[in-house]
């Protein structure tokens, strides 16, 4: 049990590092995917150890949300790219138009 | 000699998982990052399989590993201009 | 999505020959196009200045390698007009037959290459199969399949062989049967084919005339211009045929160009049949041309791709002083940017395939 | 209203009209008079006029706009060693009449007005004439080499461009290896 | 109700492997007199886990060979012969007589006169000899990895695809879902290949592949969902068993098998077939490698056997797609049984299930071949329109219809 928690914590830390340290928007999006995966892993692990299938249902919900989030995030980054010509996050100083 | 094969498999997969996700966040080339992301997603799906939740595993591969990295690479292609202009400008960051 | 240029050519499955179509795409939509030609420029106009009148026929054969006879015939006609000689009647009829046979062969080659352009390889094989019939007829008539060297200044090289008429009729019967029953199944009766061709590459009649687009491409815009009617040469006056025009609507798209060419196949068969009926069975087919000539002569003929114009100037020597070749594809190529703009990348093949590009005559 | 005057650019019919060339020539002579250096009927449906290069634009505008010669078929540049000739074949699709307008250009100043304002078709023809004969068309939007490479230095159709003046025979002696 | 030729591939192989390992074990035990440490090796070989692992390896090898060597070559041969017939030509004709090393070759025997089954082998040999070119500025690692990705994801399909009720590697409860998941992995490889080759044609081809495959995997999955509503299971063997009975409709027994095509699932069958043509990248929908405008699409820069792999796995996907359609809608391997022989007490069916299944697969393949060689290619915007505006609403309708029939009985 503790191993799964360790793995999920490690994934969370790696994803947080990616979100905080990298400037490229798409890498940030990928890091968010990794964080989401860490939480879904927890859901599945707890459901497996407790024998309660509702954790798996949460996992399925999380997967669907993550896929939708990736699509929406990419759409946002594409429009940012079209207006700013870049997806470097620290170069985008204003989000007005 | 009772070897916990599941634990060994879990350790191997976790090693893959952590190496892959580290490679995702430190990679300079975005397409490689997307490839490693796909690998971590598939690996985590196999970890779900260790927890005897096949359905989550299959949905993970079908939706997550099948669609999300493709979307990522799609976005990478659409936002990289350098390859269009002059061949060979593989963009670092 | 950034815009970028895509080179379609010089080595590309789309280009039937060597030319480079630079296409600027925004995603899949074409925003600009630029043809780059000249890869096959052989300096014909210069070479022809140092060869005698008769010997240039060999060169003009090679202007377009799929419709040799029409080109060398246009050259011979121009030289005859400059010299002021007239082909005997049987020679004219033989020329008409050979021209129409060559036109069918050329159009079939176009149709054959249009198939793979749209991803329909079966069309290629079927059209080449029927093209063999006409190549055999041409071979029977002139002795060669590709560069016939058949028209002469003042007539044609040799008379028709004995059983030519019967074989010609039989081949045409066979071909017409295929044309009516088989080809529509994979071409214009196919829904996907119409989806690919209808509404792409539209060209209005005013634009087409202004850009100098001629031939079937112009008739596909709804303009009733056929030089066989408008400025009859040889014996086309005596033949009853209908120039094929796109009737429905003023703008010509790829489908209109397809339909016009496809109907021209049928119409050419009709012309050949009439010519076989009406031609005198015996008689001279050639007059001897003078060796030297002075003056100028021009001939415009309806080539299989458009208006072929030869303008020959002689200065009293036995060689032409200046020969100008007007290639229809050369002028159509100038209009391709306005044909392509606004369409999708996949329509480049559908449009450029339908205008029937022959690089040999374009680059001279 | 004669069959000549037809300003609408879209043609519906295409049959030769007899004696059209005399009518066109008469109209041209009436409109330009002495500016036509030469004007003659060559064949039925075909006439040739000669003008100076300054009159090119008016004559062609008259031909296109007034009497409906809508098709610029060909532009030919000829090197006569003392002058250049630029010959325009302009055709009327309605009645099948073709006018051959020849403009004289002096040898040392090969320049002439561009016709791209009237016919878009003139674009490629003029580029070709510049490429091969070196006649400069003033007002052309994009006058660069078209058939020859961009870095080609000469205009090969001129008569002084080095060419093989010998007849292109292969004699039996040559075939056997002699001179 | 015919029977399979192989009752259970895994069990058969396990018996064989156990027998062989038993022989090896007895040899080792015999040798362990002079060399005592070998006894431990013998004991280890006798473990059940070792036998299972070895059996799995052997079963996977058998299925891969069966798929690639036999069925891949046959389906390629079917396609090439069939479209040659369609185009009035002979097609492939290299036979064993024309191979240079064939010892019984007579001198004046015409070499190109034969069935042509070996032509694919000859083409493969030719491709192996060719140079593998990597473009200079390509992202070389990704460029090399993507054929592997495509090939492995395609072979994953055959891990759970049953060839009869006994001929499979593993039978999962969620087998159909696994197959669809494996199918959905290939676009990533295609996209990476298109990006990594550093070529505009491959880039545009990759775009098109991603856009098309994403839009067509949705109706594919939706059609399967409609079927699942109807069947209540995702196990391919059970789905086939459900279809292996006569069709009862309106209270009468019709002279038809109860395939899911004949009924409310017909719409789903059409949608699934169209989506599968797109997955196979065959001609009406082969815009990712439209050879007319993009030279070879995303496979432009591949050469040598890498191109061969990419190319051959297109046919493998076609094979898998035909098998899937057949399992889901056309009754799989169910077929009439004529008689069974008895060979040494073991009943051997004369026309076993595998034959029925292969017949159905090749018939479907022939249908797709004829279809794809008689229509032109569709444009990218049209193909996306068909996918998003037609197929997805229709597949939702199919789900509704299936649910309605399920509720009303």
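Residue numbers (my numbering), protein chains in the order written: chain X, 31 to 127; chain U, 18 to 110; chain V, 16 to 379; chain W, 49 to 227; chain C, 33 to 441.
For each residue, glycine too, the CB sits at the ideal point set by N, CA and C.
Here the structure is a predicted model, which is why all the values come from computation and not from measurement.
Buried versus exposed, by CB contacts within 10 Å (16 or more), residue 250 (chain V):
buried
State the CB to CB distance for the pair residue 268 (chain V) and residue 302 (chain V), rounded to an integer number of angstroms; the pair is presumed to be in contact (CB under 8 Å).
Residue 268 (chain V) to residue 302 (chain V), Cβ: 46 Å. No contact.
Less than 9 Å between the beta carbons of residue 245 (chain C) and residue 310 (chain C), yes or no?
yes
Taking only runs of the alpha helix (DSSP H) that begin and end inside the segment 219-273 of chain V, which ones reach a length of at least 4 residues, in chain order?
Whole alpha helix (DSSP H) segments, 4+ residues: 220-225, 231-234, 242-245.
Let me check understanding here. Comparing Cα to Cα, which of W:167, W:173, W:78 lies closest to residue 193 (chain W)?
Checked all of W:167, W:173, W:78; the closest Cα to residue 193 (chain W) is W:173.
Cutting at 8 Å between CB atoms, please list the residues of its own chain near residue 91 (chain C), excluding the five before and the five after it.
41, 42, 45, 201
According to DSSP, is residue 66 (chain V) helix, strand or coil?
Coil at residue 66 (chain V), not helix or strand.
Which term fits residue 405 (chain C), buried or exposed, when burial requires 16 or more other beta carbons within 10 angstroms of its beta carbon?
buried
Within a Cβ cutoff of 8 Å, which residues of the same chain sit near residue 257 (chain V), ignoring the five residues on either side of it in sequence?
For residue 257 (chain V), where only same-chain residues beyond five positions count, the Cβ hits under 8 Å are 282.
Alpha helix (DSSP H) runs wholly inside the segment 267-323 of chain C, at least 4 long, in chain order
268-275, 298-312
Could you give the DSSP three-state label for residue 71 (chain V): helix, strand or coil?
Three-state DSSP puts residue 71 (chain V) in a helix.
Can you tell me the Cβ-Cβ gap for residue 89 (chain X) and residue 63 (chain U), rounded? I've got them flagged as a contact below 8 Å.
About 15 Å; that fails the 8 Å criterion.
Here's the rule: buried if 16 or more other CB atoms are within 10 angstroms of the residue's CB, otherwise exposed. What is residue 112 (chain X)?
exposed
Should residue 42 (chain U) and residue 44 (chain X) be called a contact, given that it needs their Cβ atoms to be closer than 9 Å?
yes
Under DSSP, the beta strand (DSSP E) around residue 337 (chain C) begins and ends at which residues?
Taken as a continuous stretch (DSSP letters only), residue 337 (chain C) belongs to no beta strand (DSSP E), being part of the alpha helix (DSSP H) at 336-361.
Please list the residues of the segment 407-441 of chain C that have a C-beta atom closer than 8 Å to any C-beta atom in chain V, keeping them in chain order.
407, 408, 409, 410, 411, 412, 413, 414
Quick one, which residues of the segment 138-155 of chain V are near chain B if we go by CB-CB under 9 Å, in chain order?
Absence of chain B from the displayed structure is noted, the protein chains being X, U, V, W and C.
Short CB-CB distance (under 9 Å) between residue 190 (chain V) and chain C:
no
Three-state class that DSSP yields for residue 88 (chain W) in the structure shown:
DSSP places residue 88 (chain W) in strand when its eight states are reduced to three.
Can you confirm whether residue 27 (chain U), when its beta carbon is compared against all beta carbons of chain X, has any partner nearer than 9 Å?
yes
Would residue 313 (chain C) and residue 29 (chain V) be called neighbours here (beta carbons separated by less than 9 Å)?
no
Does the separation of the CB atoms of residue 266 (chain V) and residue 217 (chain V) fall below 9 Å?
In contact: residue 266 (chain V) and residue 217 (chain V) (Cβ atoms closer than 9 Å).
Going along chain C in order, which residues have a C-beta closer than 9 Å to the C-beta of residue 82 (chain U)?
Residues of chain C with a Cβ closer than 9 Å to the Cβ of residue 82 (chain U) are, in chain order, 213, 216, 217, 220.
How far does the beta strand (DSSP E) with residue 54 (chain V) in it extend, from its first residue to its last?
Per DSSP, residue 54 (chain V) lies in no beta strand (DSSP E) and is assigned neither H nor E.
Take residue 72 (chain V) as the anchor and find which of V:145, V:170, V:372, V:241 has the nearest alpha-carbon.
The shortest C-alpha to C-alpha distance from residue 72 (chain V) to any of V:145, V:170, V:372, V:241 is the one to V:170.
Could you pull out every residue in the same chain whose Cβ sits closer than 8 Å to the Cβ of residue 84 (chain X), ignoring the five residues on either side in sequence?
77
Contact belief for residue 120 (chain W) with residue 167 (chain W) at Cβ below 8 Å, rounded distance in angstroms:
Contact holds; Cβ gap of about 4 Å.
Residues of chain X with CB under 7 Å from residue 88 (chain U), in chain order?
100, 101, 104
To which residues of the same chain is residue 139 (chain V) closer than 6 Å at the C-beta, ignoring the five residues directly before and after it?
Non-local C-beta neighbours of residue 139 (chain V) in its own chain, meaning closer than 6 Å and more than five positions away in sequence, comprise 127, 130, 131, ordered along the chain.
Give me the subset of the segment 38-57 of chain X whose CB atoms are less than 9 Å from a CB atom of chain U, sorted by chain position.
40, 41, 44, 45, 47, 48, 49, 51, 52, 53, 54, 55, 56, 57
Given a threshold of 16 other Cβ atoms within 10 Å of its Cβ, counted over all protein chains shown, does residue 161 (chain C) qualify as buried or as exposed?
Sixteen is the threshold: since fewer than 16 other Cβ atoms of the shown chains lie within 10 Å of the Cβ of residue 161 (chain C), the residue is exposed.
Beta-carbon within less than 6 Å of residue 107 (chain C)'s beta-carbon, same chain only, minus the 5 sequence neighbours each way: which residues are those?
Hits under 6 Å: 347, 351, 397.
Listing by chain order, which chain U residues have their CB less than 7 Å from the CB of residue 63 (chain X)?
54, 85
The alpha helix (DSSP H) enclosing residue 353 (chain V), as first and last residue numbers:
343-355
Would a check of beta-carbon distances place residue 154 (chain C) closer than 9 Å to chain U?
no
Measure from the C-beta of residue 78 (chain U) to each C-beta in chain C and report whether the shortest distance is under 9 Å.
yes
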